[in-house]
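S.K.: In the UniProt record's numbering, the protein residues as written are 1 to 591.
Note that the Cβ used here is the ideal one computed from N, Cα and C, for glycine as well.
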């Protein structure tokens, strides 16, 4: 009796590798950005030379008109050339993704071919196969056919994406291949991108984060790549958009700034503001490099990666706005958003990104195995220090709170069907900012953590914050003299602080142990205030537990109180702190 078993063919015959060199495209983009800088330099110089002392008359008026037109034209050309450069950068970024996907498909096909070879060998070796063996062979053949079919579909999708990426780059160049186009307001913008951005719900149009999210969902993949390349400023700050899209757009802007301003710096034509922007861009670059290289402490094969969620290096007169995350903001189960306090600007981006690695590590080590993302968010104008009058008021915190609330709304809207467990962590003046952001019933966070707080701003009691008193936590080092400025008890602090001390009985939040093991005299001020996210600290352990959703397992501390017969008392003052916390070992992997 002859038994027929149909073995599927090995398909596709070849998985075509995407053409092009991403590194070479990056090099071209750098050259284009430098050219844009040259146009900017010429435009700036023409403006500077508009007034030439005592020269007057018809000739001077003709000169002034000509130089003004030259400045305007070169400025327009600079804008167009920058758009082309950004299109090349976006092409290179997408090409890298495509090449990685191609390698994955080649590996999938290799595995399927090995299974096919093994199936043929097993069938040939079974000279007297039983009915059960024949059924098993047929089942393997069916499964193999299904897997080959899925591979063909994946390959078709890859080749379509390759064509879309090449088409987009061609359109970017075609939209600026004549002088009139290059000098126009939309020079270098492909029609596909312009059409998409004119639809209802586009970021920058006044749409809500929820409307922006729906707008993005209705775009094709090619349209998404097009708007990232042509409108990176709007995509990079689009609340409601996936973090991955914002990251890609902001990295395009970052590459632009680094290359263009490096050329101007080399020429000696960089302005003071541009020099600050250039330094801020360098901080963002270094922070992302650290985050991208970071390895998960529990899985050496996992690199959670960095996300440039917000990038505006020129805002606030060069102090800048930035948000860098460690981990996948689009899919992580547990997400933390950390807001810093006074004296923070973009120059601190690498420092705080390192602190986010600490928090990521603590959450993973001491958690239940859930995926994690931790983000440093500087989306407000933090006061510059004790001498800045803004430090003594809550105005910047109130404004920053509105910005932080918008950021949280944007994160929530970007994941309508997969909400994360979200924790807002605020330090120092940033704790007051966080209180403003989470104050009231409209707050959409699961946990609030205030550390080193000079006062809880608008909240008189933990129940005034959105998630409710049971989900509000406070960490205060007894030697941190910033954290004793808040009002406490019947005396208060005569208005020195920024609201009620959240570690006090009156506020009634969940206080956790946050003492620094080093209590030497030189750590009684600044170091005690800045060590809450240092490795091997009580504070970091407890915050990690809260971020993981296990705030009921923190190491609780007694609240401070203000007796009628004396000054405020902190029960933590005399307790001996511990260095290594549960769940963290001395053999933790180095970063």
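1. Going by other Cβ atoms of all chains shown within 10 Å of its Cβ, with 16 needed for buried, is residue 551 buried or exposed?
2. Can you tell which of 15, 289, 122 and 240 has the C-alpha that lies nearest to the C-alpha of residue 251?
3. With distances taken from CA atoms, which of 386, 546, 460 and 406 is nearest residue 473?
4. Pull up the distance between the alpha-carbon of residue 3 and that of residue 133, whole angstroms please.
5. Find out if the Cβ-Cβ distance for the pair residue 314, residue 320 is shorter than 8 Å.
6. Among the residues of its own chain, which have a CB less than 7 Å from the CB of residue 507, if the five just before and after it don't count?
7. So, residue 448 versus residue 465, is the Cβ gap smaller than 8 Å?
8. Among all the DSSP beta bridges, which residues are the ones paired with residue 447?
9. Please report the distance separating the alpha-carbon of residue 577 from that of residue 516.
10. Provide the residue span of the alpha helix (DSSP H) that contains residue 216, from first to last.
11. Roughly how many angstroms lie between the CA atoms of residue 34 and residue 27, to the nearest whole one?
12. If you compare alpha carbons, which of 503, 118, 534 and 537 is closest to residue 571?
13. Can you name the start and end residues of the alpha helix (DSSP H) that residue 512 belongs to?
14. Using CA atoms only, rank isn't needed, just tell me which of 44, 51 and 60 is closest to residue 73.
15. Hey, out of 330, 483, 341 and 397, whose CA is closest to residue 410's CA?
16. For the beta strand (DSSP E) that residue 375 lies in, which residues bound it at each end?
17. Report the rounded CA-to-CA distance for residue 18 versus residue 144, giving the unit in angstroms.
18. Excluding the five sequence neighbours on either side, which residues of its own chain have a C-beta within less than 6 Å of the C-beta of residue 610, listed in chain order?
19. Would you mind working out which of 364, 380 and 375 sits nearest residue 318, comparing C-alpha positions?
20. Where residue 476 and residue 428 are concerned, what is the direct C-alpha to C-alpha distance, given to the nearest angstrom?
21. Taking the beta carbon of residue 308 as the centre, do at least 16 other beta carbons fall within 10 Å, making it buried, or is it exposed?
22. Whether or not the segment 425 to 445 and the segment 396 to 415 are in contact is what I'm after, with contact meaning three or more pairs of Cβ atoms, one per stretch, closer than 8 Å; do they touch?
23. Are three or more beta carbon pairs between the segment 201 to 210 and the segment 232 to 244 nearer than 8 Å?
24. Tell me which residues share the same chain as residue 511 and place their Cβ nearer than 6 Å to its Cβ, disregarding the 5 neighbours each side in the sequence.
25. By Cβ distance below 6 Å, which residues in the same chain neighbour residue 367 in space, the five residues on each side in sequence not counted?
26. When the Cα atoms are used, what is the spatial distance from residue 146 to residue 15?
27. Looking at the structure shown, is residue 573 part of a helix, part of a strand, or coil, going by DSSP?
28. Within 10 angstroms of the Cβ of residue 454, are there 16 or more other Cβ atoms? Answer buried if so, exposed if not.
29. Flag this pair as yes or no: are the beta carbons of residue 623 and residue 350 separated by less than 8 Å?
30. Is residue 322 closer than 8 Å to residue 253 when the C-beta atoms are compared?
31. Measure the C-alpha to C-alpha separation of residue 214 and residue 442 and round it to an integer number of angstroms.
32. Identify which residue in 39, 369, 467 and 293 has its Cα closest to the Cα of residue 509.
33. Could you give the DSSP three-state label for residue 585: helix, strand or coil?
34. Mind checking residue 198: buried by the 16 CB within 10 Å criterion, or exposed?
35. For a minimum of 3 consecutive residues, which ranges assigned as the beta strand (DSSP E) are wholly contained in the segment 153 to 180?
36. Can you tell me which of the three DSSP states residue 147 falls into?
M.R.: Let me lay it out:
1. Translated into positions along the chain shown, residue 551 becomes position 551. By the neighbour-count rule (16 or more Cβ atoms within 10 Å), residue 551 is buried.
2. Walking along the chain shown from the start, residue 251 turns up at place 251. Nearest option by C-alpha distance: 289.
3. For this step, residue 473 is matched to residue 473 along the chain shown. Of the candidates 386, 546, 460 and 406, the one whose C-alpha sits nearest the C-alpha of residue 473 is 546.
4. The residue labelled residue 3 in the question sits at position 3 within the chain shown. The residue labelled residue 133 in the question sits at position 133 within the chain shown. Rounded to whole angstroms, residue 3 to residue 133 spans 12 Å at the Cα level.
5. Residue numbering aside, residue 314 sits at position 314 when the chain shown is read from its first letter. Residue numbering aside, residue 320 sits at position 320 when the chain shown is read from its first letter. Yes, Cβ-Cβ distance for residue 314 and residue 320 is below 8 Å.
6. Taking the first residue of the chain shown as position 1, residue 507 is located at position 507. Same-chain partners within the cutoff: 456, 461, 462, 500 and 501.
7. For the purposes of this step, residue 448 is identified with residue 448 of the chain shown, where counting begins at 1. For the purposes of this step, residue 465 is identified with residue 465 of the chain shown, where counting begins at 1. Result yes, Cβ atoms of residue 448 and residue 465 sit closer than 8 Å.
8. Against the chain shown, residue 447 aligns to sequence position 447. 423.
9. Stepping through the chain shown from its first residue, residue 577 is reached at position 577. Stepping through the chain shown from its first residue, residue 516 is reached at position 516. Between residue 577 and residue 516, the C-alpha separation is close to 6 Å.
10. Mapped onto the chain shown, residue 216 falls at position 216. Note, residue 216: alpha helix (DSSP H), 209 to 217.
11. Residue numbering aside, residue 34 sits at position 34 when the chain shown is read from its first letter. Residue numbering aside, residue 27 sits at position 27 when the chain shown is read from its first letter. C-alpha separation (whole angstroms): 11 Å.
12. Against the chain shown, residue 571 aligns to sequence position 571. Looking at the Cα atoms, 503 is the closest of the given residues.
13. Residue 512 sits at position 512 when you count from the first residue of the chain shown. Residue 512 -> not in any alpha helix (DSSP H); beta strand (DSSP E) instead, spanning 510 to 512.
14. In the chain shown, residue 73 corresponds to position 73, counting from 1. Out of 44, 51 and 60, 44 has the C-alpha closest to the C-alpha of residue 73.
15. Here residue 410 corresponds to residue number 410 of the chain shown, with the count starting at 1. For the residues 330, 483, 341 and 397, the minimum Cα distance to residue 410 belongs to 330.
16. On the chain shown, position 375 is the one that residue 375 refers to. Note, residue 375: beta strand (DSSP E), 372 to 378.
17. Residue numbering aside, residue 18 sits at position 18 when the chain shown is read from its first letter. Residue numbering aside, residue 144 sits at position 144 when the chain shown is read from its first letter. Their Cα atoms are separated by approximately 26 Å.
18. Because residue 610 is not part of the residues shown, which for the chain are 1 to 591, the question remains open.
19. The sequence position of residue 318 within the chain shown is 318, counting from 1. Nearest C-alpha to residue 318: 380.
20. Against the chain shown, residue 476 aligns to sequence position 476. Against the chain shown, residue 428 aligns to sequence position 428. About 10 Å.
21. Locating residue 308 in the chain shown gives position 308, counting from the first residue. That one is buried.
22. yes
23. yes
24. If you number the chain shown from 1, residue 511 lands on position 511. Within the same chain, and ignoring the five residues on either side of residue 511 in sequence, the residues whose Cβ sits closer than 6 Å to its Cβ are 474, 503, 557 and 559.
25. On the chain shown, residue 367 is found 367 positions in, with the first residue counted as 1. Around residue 367: 548.
26. Working through the chain shown from its first residue, we reach residue 146 at position 146. Working through the chain shown from its first residue, we reach residue 15 at position 15. Distance between the alpha carbons of residue 146 and residue 15 is about 18 Å.
27. On the chain shown, position 573 is the one that residue 573 refers to. Three-state result, residue 573: helix.
28. Taking the chain shown and counting its residues from 1, the one referred to as residue 454 is at position 454. Residue environment: residue 454 is assigned as buried (16 or more neighbouring CB atoms within 10 Å of its CB, all protein chains considered).
29. Summary: the structure shown does not reach residue 623, with the chain confined to residues 1 through 591, and so no result is reported for it.
30. Within the chain shown, numbered from 1, the residue matching residue 253 stands at position 253. Within the chain shown, numbered from 1, the residue matching residue 322 stands at position 322. No; because the gap between Cβ atoms is not below 8 Å, this pair is not in contact.
31. For the purposes of this step, residue 214 is identified with residue 214 of the chain shown, where counting begins at 1. For the purposes of this step, residue 442 is identified with residue 442 of the chain shown, where counting begins at 1. Each residue's Cα considered, the two are about 22 Å apart.
32. Reading the chain shown from its first residue, position 509 is the one you call residue 509. Of 39, 369, 467 and 293, the residue nearest in Cα terms is 467.
33. On the chain shown, position 585 is the one that residue 585 refers to. Low confidence applies here, because residue 585 scores a pLDDT of 41, under 50, leaving its location unreliable; read the following figure in that light. Coil, per DSSP.
34. As a position in the chain shown, residue 198 is number 198, starting the count at 1. The Cβ neighbour count for residue 198, taken over all protein chains shown within 10 Å, is under 16; the residue is labelled exposed.
35. Listed in chain order, nothing qualifies, since the segment 153 to 180 has no complete beta strand (DSSP E) run of 3 or more residues.
36. Here residue 147 is taken as the residue at index 147 of the chain shown, counted from 1. Looking at residue 147 - three-state DSSP - the assignment turns out to be helix.
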